[in-house]
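**Q** Got a structure for you, questions after.
In our numbering, the protein residues as written are 8 to 161.
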């Protein structure tokens, strides 16, 4: 008779796993290290409340409140020259924090610089649409609704 093997975990296991391996951490640099990003951050601070800001992988990352997304993006577009929204989506942190993290990836074509806005919303909280500022956001916002159920107003 054949030896019984459990069928609940049939996925192949790695032959070797290093139990002492630690994933590398991406360093967060202060905004003052880049003059362009420091100037952008000052303009953003004049328009909205900035919760946190740092440089990560050569990009300025700014945490804002969800109700201030329109004001922050309008300031970035009109005063700082970030004319392109290259990406917009959400990350599901419901299991850990009970929230979604929405990110806006902005691009300044003249300076070749990127700014990422991050904001967090609760599970049934809606957020304002940025389509009046960036037309590309139309399908990305629909995708957020289809994938995560995030309601986008206007």
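For glycine and all other residues, C-beta sits at the position ideal for the given N, C-alpha and C. These numbers were taken from a predicted model, which means no experiment stands behind them.
Nearest-angstrom Cα distance between residue 32 and residue 64?
**A** 11 Å
**Q** Output the distance between the C-alpha atoms of residue 110 and residue 68, rounded to the nearest integer angstrom.
**A** 10 Å
**Q** Assess, as a yes-or-no matter, whether the region 116 to 126 is touched by the region 138 to 154 under the definition of 3 or more beta carbon pairs within less than 8 Å.
**A** no
**Q** Do residue 90 and residue 51 count as a contact pair if the criterion is CB distance below 7 Å?
**A** no
**Q** In its own chain, which residues sit with a C-beta less than 7 Å from the C-beta of residue 39, not counting the 5 before and 5 after it?
**A** 45
**Q** Is the distance from the Cβ of residue 108 to the Cβ of residue 98 below 7 Å?
**A** For the 7 Å CB-CB criterion, residue 108 and residue 98 form a contact.
**Q** What runs of the beta strand (DSSP E), each 3 residues or longer, lie entirely inside the region 64 to 108?
**A** Counting only runs that start and end inside the region 64 to 108, the beta strand (DSSP E) elements of at least 3 residues fall at 66 to 71, 91 to 100.
**Q** Consult DSSP for residue 149 and reduce its assignment to one of helix, strand or coil.
**A** helix
**Q** Classify residue 119 as helix, strand or coil using the three-state DSSP reduction.
**A** coil
**Q** Classify residue 126 as buried or exposed, calling it buried when 16 or more other Cβ atoms lie within 10 Å of its own Cβ.
**A** buried
**Q** Give me the DSSP bridge partner(s) of residue 59.
**A** 70
**Q** State buried or exposed for residue 124, treating a residue as buried only when at least 16 other CB atoms are found within 10 Å of its CB.
**A** buried
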